[in-house]
Amino acid sequence: MLVECVPNFSEGKDQSKIDAIVGAARSVGGVKVLDIEKDPDHNRSVLSFVVPVETAVEACFRVAQKSVELIDLNHHKGEHPRMGAVDVIPFIPVSGSSIEICVELAKKLGQKIGQELKMPVFLYDRAASRPERKDLANVRKGQFEGLREEIGKNPDRVPDFGPNRIHPTAGAVAVGAREQIINFNVNLLTQDMNLGKAIAKKIRTSGGGFPFLRAKEIHLEKKKQVQISTVLTDYHATSLQTVFEAIRVEAMACGVEVVDSEIVGLVPQASLVDFALSSLKLSSFDPKTQILENRLKEMSSESSDWKTAAHQVVAALAETTATPGGGSAAAIAGAMACGLGRMALGISLQSKKLEESKRPILQGALKELEELCRQIESCIAEDASAFEQFMSVLKLPQEDPARPEKIQVALKHAAEVPLKTARLSLKALHSLANSGPLALGTVASDMKCARHLARSAIHCALENVKINLDSIKDPACVRSFQKDITSILQGICE
Numbered sequence: 012m013l014v015e016c017v018p019n020f021s022e023g024k025d026q027s028k029i030d031a032i033v034g035a036a037r038s039v040g041g042v043k044v045l046d047i048e049k050d051p052d053h054n055r056s057v058l059s060f061v062v063p064v065e066t067a068v069e070a071c072f073r074v075a076q077k078s079v080e081l082i083d084l085n086h087h088k089g090e091h092p093r094m095g096a097v098d099v100i101p102f103i104p105v106s107g108s109s110i111e112i113c114v115e116l117a118k119k120l121g122q123k124i125g126q127e128l129k130m131p132v133f134l135y136d137r138a139a140s141r142p143e144r145k146d147l148a149n150v151r152k153g154q155f156e157g158l159r160e161e162i163g164k165n166p167d168r169v170p171d172f173g174p175n176r177i178h179p180t181a182g183a184v185a186v187g188a189r190e191q192i193i194n195f196n197v198n199l200l201t202q203d204m205n206l207g208k209a210i211a212k213k214i215r216t217s218g219g220g221f222p223f224l225r226a227k228e229i230h231l232e233k234k235k236q237v238q239i240s241t242v243l244t245d246y247h248a249t250s251l252q253t254v255f256e257a258i259r260v261e262a263m264a265c266g267v268e269v270v271d272s273e274i275v276g277l278v279p280q281a282s283l284v285d286f287a288l289s290s291l292k293l294s295s296f297d298p299k300t301q302i303l304e305n306r307l308k309e310m311s312s313e314s315s316d317w318k319t320a321a322h323q324v325v326a327a328l329a330e331t332t333a334t335p336g337g338g339s340a341a342a343i344a345g346a347m348a349c350g351l352g353r354m355a356l357g358i359s360l361q362s363k364k365l366e367e368s369k370r371p372i373l374q375g376a377l378k379e380l381e382e383l384c385r386q387i388e389s390c391i392a393e394d395a396s397a398f399e400q401f402m403s404v405l406k407l408p409q410e411d412p413a414r415p416e417k418i419q420v421a422l423k424h425a426a427e428v429p430l431k432t433a434r435l436s437l438k439a440l441h442s443l444a445n446s447g448p449l450a451l452g453t454v455a456s457d458m459k460c461a462r463h464l465a466r467s468a469i470h471c472a473l474e475n476v477k478i479n480l481d482s483i484k485d486p487a488c489v490r491s492f493q494k495d496i497t498s499i500l501q502g503i504c505e
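Just add 11 to the spot in the sequence shown (first one is 1) and you have the working numbering.
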């Protein structure tokens, strides 16, 4: 079961910061980044990814944590309204999840951000605790500078989680649950903000215009244009074509042309198909059967199985790209060890031949391997992300005085991730070794194979730790890593 997460963070210019924040999301197992939309005028980026429900909170928290670390709103300038370094984090139901699940995720994330990052959190949209907070615009009113004066003084601005005061550099964040929306902007060949304001007011719901539509005018200084920035919260009720045509007609009435339009982030395919069907006036057209890509996708889903997935993993490792590499391979081996062990223990627990005295022990081992598998799986992407962050730092200008220190920080992180993989795989090995003798004899070879995989994962991961130590200049740090390596190697058992 998946959810879509769309964190909006207040950085649209510094590529190294954007990469680091996106890398924080990718470091969590199961995250699949769908889109990264950055806008230097807005000085804002919109990251879209899908992730299993079980790890969605952690993925979004890491995005928030990295944003708080890297972004200082006291020095932030951009056209888009914002109140936080990480400004908005919505959860959106997809692939079997529900809006109710997304509401629970929003509450869990809000609590975690408030407690650990000391940042005020406001729940919005379907997760809102107050009716007036359903509308994001109400939550963000005043932006960072205004909220700085109101939080702690105005009882209407008491956050749902976190301290009742603004974070001095990261501001506040809105966390919510919503259905799929469309961010649709139309750019006009004019700098007349009064015209833009009039059009935005006329078409938006609050101005008596179309239902389920938010709109505001933005001056694009570099382009010397006025943008009508809209959000369609229900594209079935108010379509893309309706919004575009309304803006075009209003602008043309004043002698102003539409330059172009843009969609920020992802858009449901159905909304574009509806636009095409309406514009072309097609009749008797079935998108499911007559759009080639839809048919191909249907055929692909019918033929996908674990063998296809295994081929994809091997093919990814065989690519002549730096990632995934040995560190990710180590984590894959560790996860496979846990998976194979879980299968063997599960078969044993299902058997009526299993002695009842062994059942509680095997149940405990099964639960432990399930948790270890989840943690090791996250290391697969985390290792690749750590290397990508290191490569990003290497691209910094040689004259940057902070470059040497940033390289050292990245190197240490690149060593910490495989060390984590080795530690977790060692725990898995011990769990397999302790539970193996109690499992059924019919799965004895599977348990042995699982232990071999766990040992391979440990050795492979530690090789990736060692190679980074040669470049770390802090002797105390190197000694600490070496001590950990020795301890893990001594803990390997049969």
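Beta carbons are placed, not taken as given, at the ideal position from N, Cα and C, and that holds for glycine.
{"Item": "Spatial neighbours of V275 within its chain, please: C-beta separation below 7 angstroms, excluding the five flanking residues on both sides.", "Value": "E48, V57, N194, N196"}
{"Item": "Starting from R144, trace the alpha helix (DSSP H) both ways and give me its first and last residue.", "Value": "Premise fails: R144 is in no alpha helix (DSSP H) and is neither H nor E."}
{"Item": "Provide the residue(s) that pair with F7 in DSSP beta bridges, ordered along the chain.", "Value": "Because the chain is modelled from 12 through 505, residue 7 falls outside the range shown and cannot be assessed."}
{"Item": "For A226, write down the residues that DSSP places opposite it in a beta bridge.", "Value": "T241"}
{"Item": "On the criterion of 16 or more Cβ atoms from any shown chain inside 10 Å, does G107 qualify as buried, or is it exposed?", "Value": "exposed"}
{"Item": "Measuring straight from C-alpha to C-alpha, what distance separates N469 and T319?", "Value": "Note that residue 469 is Ile in the sequence shown, not Asn. Cα to Cα, the separation comes out at about 26 angstroms."}
{"Item": "Between the stretch 257-274 and the stretch 289-297, do three or more beta carbon pairs fall short of 8 angstroms?", "Value": "no"}
{"Item": "Distance, Cα to Cα, K477 vs I82?", "Value": "33 angstroms"}
{"Item": "If we require 3 or more residues per run, which beta strand (DSSP E) segments fall completely within the stretch 163-216?", "Value": "184-188, 193-199"}
{"Item": "Of the choices S140, E416, L464, whose alpha-carbon is the least far from that of L435?", "Value": "L464"}
{"Item": "Please say whether I229 and I210 have beta carbons closer to each other than 8 angstroms?", "Value": "no"}
{"Item": "What residue ranges within the stretch 85-120 form continuous beta strand (DSSP E) runs of no fewer than 3 residues, ordered along the chain?", "Value": "97-104"}
{"Item": "Does the pairing of the stretch 317-332 with the stretch 439-456 give three or more beta-carbon distances under 8 angstroms?", "Value": "no"}
{"Item": "Return the residue from the list L243, L288, T331 that minimises the CA-CA distance to L277.", "Value": "L243"}
{"Item": "Kindly give me the distance between the Cβ atoms of V132 and G173, rounded to whole angstroms, as I take these residues to be in contact under 8 angstroms.", "Value": "5 angstroms"}
{"Item": "Please name the residue or residues paired with N19 in a DSSP beta bridge.", "Value": "V57, V99"}
{"Item": "Using C-beta distances below 7 angstroms, list every residue in its chain close to G345, excluding the 5 sequence neighbours before and after it, in chain order.", "Value": "I387, T432, L435, S436, A439, A465, A468"}
{"Item": "Alpha carbon to alpha carbon, how far is R414 from L147? Give it in angstroms, no decimals.", "Value": "38 angstroms"}
{"Item": "So, at 6 angstroms on beta carbons, what are the nonlocal neighbours of K119 in its own chain, with the 5 sequence-adjacent residues on each side left out?", "Value": "V68"}
{"Item": "So, with DSSP's three-state summary, where would you put S368?", "Value": "coil"}
{"Item": "Would you report the Cα separation of T497 and A487, rounded to the nearest angstrom?", "Value": "15 angstroms"}
{"Item": "Can you look up Q236 in the DSSP assignment and give me helix, strand or coil?", "Value": "strand"}
{"Item": "Should L407 and K417 be called a contact, given that it needs their Cβ atoms to be closer than 8 angstroms?", "Value": "yes"}
{"Item": "When DSSP labels each residue in this structure, what does E160 get in the three-state scheme?", "Value": "helix"}
{"Item": "Is it the case that the Cβ atoms of L134 and G121 are separated by a distance below 8 angstroms?", "Value": "yes"}
{"Item": "Going by CA-CA distance only, name the one from Q361, G336, L360, S362 that's closest to M390.", "Value": "The sequence shown places Cys at residue 390, rather than the Met named in the question. If we check each option's Cα against that of C390, G336 comes out closest."}
{"Item": "Please look up how many angstroms separate the CB atoms of K77 and I32, rounded, as I've assumed it's under 8 angstroms.", "Value": "5 angstroms"}
{"Item": "Considering only C-alpha positions, which residue in the set F492, D52, P298, A36 is nearest to K24?", "Value": "D52"}
{"Item": "Do you know offhand how far I103's Cα is from P18's?", "Value": "11 angstroms"}
{"Item": "Straight-line CA distance for R159 to E22?", "Value": "20 angstroms"}
{"Item": "Keeping to the same chain, check which residues put their C-beta closer than 7 angstroms to that of L449; ignore five residues upstream and five downstream.", "Value": "K369, I372, L373"}
{"Item": "Which partner residues does P63 have in the DSSP bridge list?", "Value": "L13"}
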